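Quick notes on the structure that follows.
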Amino acid sequence: MTEQITTPAECLQLISQKNKTGCLIITDPKDLSIQWKLYLNQGQINYATSLVGQQERLTYLGQKFKAPLNFLRPDSEMAEYQEICNYWLTQKLPIIELQQLCLKLTQETLIQVSALEQTSITFLPNNQLQPTILNYSWRDFLAQFQASINHWKQLRTEIASPFIRLCLDSQKIFHFYKAWQIWSKEREFLTVFGTQSLSAWLQSLAQKKCLYEIATQMQVCPLTLGLKLQPLVKMGAIQIFPFQETTTETNLITTSQPQLTNKTIISTQPYKLNEPNTIALSRTLNHQPEKSVILRNTSTAIVEKKDTHTSSLENSFKQNNFSRHRDGSPPCIVCIDDSKTVQQQVTRTLSTVGYQVISITEPASALTVLVRHKPVLILLDINMPEINGYELCQMLNRSRILKDIPVVMLTGREGLVDRLRAKFIGVSEYLTKPFDPNELIEVVHRLTALSCSI
46 MTEQITTPAE
56 CLQLISQKNK
66 TGCLIITDPK
76 DLSIQWKLYL
86 NQGQINYATS
96 LVGQQERLTY
106 LGQKFKAPLN
116 FLRPDSEMAE
126 YQEICNYWLT
136 QKLPIIELQQ
146 LCLKLTQETL
156 IQVSALEQTS
166 ITFLPNNQLQ
176 PTILNYSWRD
186 FLAQFQASIN
196 HWKQLRTEIA
206 SPFIRLCLDS
216 QKIFHFYKAW
226 QIWSKEREFL
236 TVFGTQSLSA
246 WLQSLAQKKC
256 LYEIATQMQV
266 CPLTLGLKLQ
276 PLVKMGAIQI
286 FPFQETTTET
296 NLITTSQPQL
306 TNKTIISTQP
316 YKLNEPNTIA
326 LSRTLNHQPE
336 KSVILRNTST
346 AIVEKKDTHT
356 SSLENSFKQN
366 NFSRHRDGSP
376 PCIVCIDDSK
386 TVQQQVTRTL
396 STVGYQVISI
406 TEPASALTVL
416 VRHKPVLILL
426 DINMPEINGY
436 ELCQMLNRSR
446 ILKDIPVVML
456 TGREGLVDRL
466 RAKFIGVSEY
476 LTKPFDPNEL
486 IEVVHRLTAL
496 SCSI
């Protein structure tokens, strides 16, 4: 066994020239959890694969090559190769098909290996695969795939390999939304990615999946996907993580080339990742189905009833110099929601701390009531019969009298798409049902403080 520090391309060139036989183990210098293994015989490449992530990689490749790889659930690279050979023998398939599959799997590995910079390479002499299905020339490979290698070298500055895990930063979702808006108008983007919805993109990027997995979902190649996401990774909107979690002190993948010595240092321990944003975003994207609702009769009611559960809140707001209108009347809040339970909770909570609450259960009559009472704030349900909250909010924006009134959306939906949509039609706040009374009071008081003092 020999170990050296060089580029895989230089090493393969040398082995090819000297007609060496054996096995190469190559470590990715930017993610030490990733290793590749190549088998050679007399300078010819017999087979190449990864030592980790076979399921993610083979699922993508099976889709790309339209090959029956779903039977492969290998525990090692040897099992992978043997299973492929055994499958072809038991199914009595043409040997030419087996050769073509091994060639495609090997080419895909060689592209990744050839894009690596200087790294640790181990050579195990006389280590061979049996049976030998493929004899592939290194020179022929370079002639065919040099362009793909160059593209991966360019991509490696931000996304080191298809095994890199990606996660959209929950604080920078708006940056991704703006990029997606531009993409969705590009003919080339629509040709490659089809009509993938914003929700599909957000869900794929919220789960810290590797590039292979996202490419499988999007039905595109990892290189095309990586190049499209590279600017967002560069600006920090998308975070990158190693394929395997580790217990070392390294949290994120290095984007600069590490300093390597002649001593081989390979860590097989996974990185320990800090991922609060990932967890929060995954929860946000966990859409909850909206309950079916029944349209009820219009009812307008002013409730001034106290409840013991908000007595402490009432005391705290008295100390905060709560303001009223100039004529001494309490500030008016309009709640538009066809749920009687929600209406009761809102009126109990807000009337206790000094607000006048008007309940509207039929959205069609809302505009008339709003113009008549001119509330300081509107609580608005998203999912209602006849007209939804988004449409009603757009109507408010077109009204000279009502367009400046703060709007708080009330909904059981927690999806990012819903939040983005609400933001872009001018919604001031977004409360998820069931909401906490303290949270409701805090939001209403904050948004109405200025209006109530005028």
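To convert a position in the sequence shown, counted from 1, into my numbering, add 45. Idealized CB from N, CA, C, for every residue including glycine. All figures in this text were calculated on a predicted structure; none of them were measured in a lab.
- Per the coordinates, the alpha-carbon of V462 lies some 15 Å from the alpha-carbon of G471.
- A distance below 6 Å between beta-carbons, with the five flanking residues on each side excluded, links W133 to the following residues of its chain, in chain order: L143.
- A residue is called buried when at least 16 other Cβ atoms come within 10 angstroms of its Cβ; P376 meets this threshold and is buried.
- In this structure, DSSP gives K82 an extended state, which the three-state scheme calls strand.
- Within a 10 Å sphere around the beta-carbon of T151 sit 16 or more other beta-carbons, which makes this residue buried.
- In this structure, the CA atom of K230 is about 15 Å from the CA atom of F221.
- L447 sits close to L412, with the two beta carbons spaced by under 9 Å.
- Within the region 428–475, the complete beta strand (DSSP E) runs of at least 3 residues fall at 452–456.
- Going by C-alpha positions, Q199 is about 23 Å away from L83.
- Taking 8 Å as the upper bound for CB-CB distance, C255 and R210 are in contact here, some 5 Å apart.
- Apart from the 5 residues on each side of it in sequence, W228 sits with its Cβ closer than 6 Å to the Cβ of F234 in its chain, given in chain order.
- S182 sits exposed, since fewer than 16 C-beta atoms from the chains shown fall within 10 Å of its C-beta.
- DSSP, reduced to helix, strand and coil, places S193 within a helical segment of the structure shown.
- Non-local beta-carbon contacts of G98 in its own chain, meaning distances under 8 Å to residues more than five positions away in sequence, involve I79, F208, C255, Y257, F288 in chain order.
- Collapsing the DSSP output to three states places C266 in coil.
- Taking a 10 Å sphere around the C-beta of E484, we find fewer than 16 other C-beta atoms and assign the residue as exposed.
- Beta-bridge annotation (DSSP): Y105 is not paired with any residue.
- Under the three-state reduction of DSSP output, V379 falls in the strand class.
- Going by beta carbons, D426 and L455 fall inside the 9 Å limit.
- Taking the Cα of N172 as reference, the smallest distance to any Cα among V387, M280, L69, P430 is reached at L69.
- In this structure, Q163 places its C-beta atom within 9 Å of the C-beta atom of P74.
- A direct Cα-to-Cα measurement between P420 and V489 gives close to 12 Å.
- For Q264, same chain residues with a beta-carbon under 8 Å away, outside a window of 5 residues either side, are Q108, G239 in chain order.
- In this structure, N442 keeps its C-beta atom at 9 Å or more from the C-beta atom of G434.
- Distance from the CA atom of L270 to the CA atom of A409, rounded to whole angstroms, is 45 Å.
- Rounded to whole angstroms, the separation of the alpha carbons of S444 and K385 is 28 Å.
- Secondary structure note for P170: its beta strand (DSSP E) is the uninterrupted segment 164–170.
- K468 and L268 have their C-alpha atoms spaced approximately 33 Å apart.
- Residue state for Y400 is assigned as coil, using DSSP reduced to three classes.
- Annotation for C255: no alpha helix (DSSP H) segment contains it, and DSSP assigns it neither H nor E.
- Of all alpha-carbon atoms in T236, R232, C266, L274, the one lying nearest the alpha-carbon of W246 is that of L274.
- R491 and L415 have their C-alpha atoms spaced approximately 21 Å apart.
- The Cβ atoms of Y126 and T261 do not sit closer than 9 Å to each other.
- Here the alpha carbon of K65 sits roughly 31 Å from the alpha carbon of L138.
- For the pair V391 and L422, the CB atoms are not nearer than the 9 Å cut-off.
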